[in-house]
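Going by full-length UniProt numbering, the sequence shown opens with residue 1, and the numbers climb by one from there. For glycine and all other residues, C-beta sits at the position ideal for the given N, C-alpha and C. Just so we're clear, the structure is a prediction, and the values are computed from it rather than from any experiment.
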Amino acid sequence: MKVRYLRGALRNIDDISRYVREHNPAAAVRIAQRIRQSVALIAERPTLASRAFFQARGNGSCPIFLIGSSIG
Numbered sequence: 001m002k003v004r005y006l007r008g009a010l011r012n013i014d015d016i017s018r019y020v021r022e023h024n025p026a027a028a029v030r031i032a033q034r035i036r037q038s039v040a041l042i043a044e045r046p047t048l049a050s051r052a053f054f055q056a057r058g059n060g061s062c063p064i065f066l067i068g069s070s071i072g
C-alpha cells in the first residue's frame, strides 16, 4: 500500500515532536522514528491497521489508529 500523509497529520506529528522535544529531546526522536516505523508496517501489511500497536516504554501498549485509509 502506498502511504500518503495529509498536511494535518504531518502537522500533528510535528506538534507532538516539538512538545516532547521541550521536555526530552531524545524521546522526541524516538517517537518520530516509531511513528514512521508503524506507518511503514501498516503500508507493508494493511490488515494490521485496525490492531497496530507499539510498545510504550514501561507503560504497555499505545494504539496507532489509521484514519481515512483507502486501498486502491
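### Task
Please work out which residues of its chain come closer than 7 angstroms, Cβ to Cβ, to N24, disregarding the five sequence neighbours upstream and downstream, and give them in chain order.
For N24, where only same-chain residues beyond five positions count, there are no Cβ hits under 7 angstroms.
### Query
What does a CB cutoff of less than 6 angstroms around S17 pick up in its chain, not counting 5 residues either side in sequence?
These residues qualify, in order along the chain: A28, A32.
### Message
With distance defined between alpha-carbon atoms, name the residue in I35, E44, M1 nearest to L10.
### Response
When only C-alpha atoms are compared, the closest one is I35.
### Message
In the DSSP assignment, the alpha helix (DSSP H) including Y5 goes from what residue to what residue?
### Response
Unbroken run through Y5: none, as it is neither H nor E.
### Residue range of the alpha helix (DSSP H) that includes R36
25-44 is the extent of the alpha helix (DSSP H) around R36.
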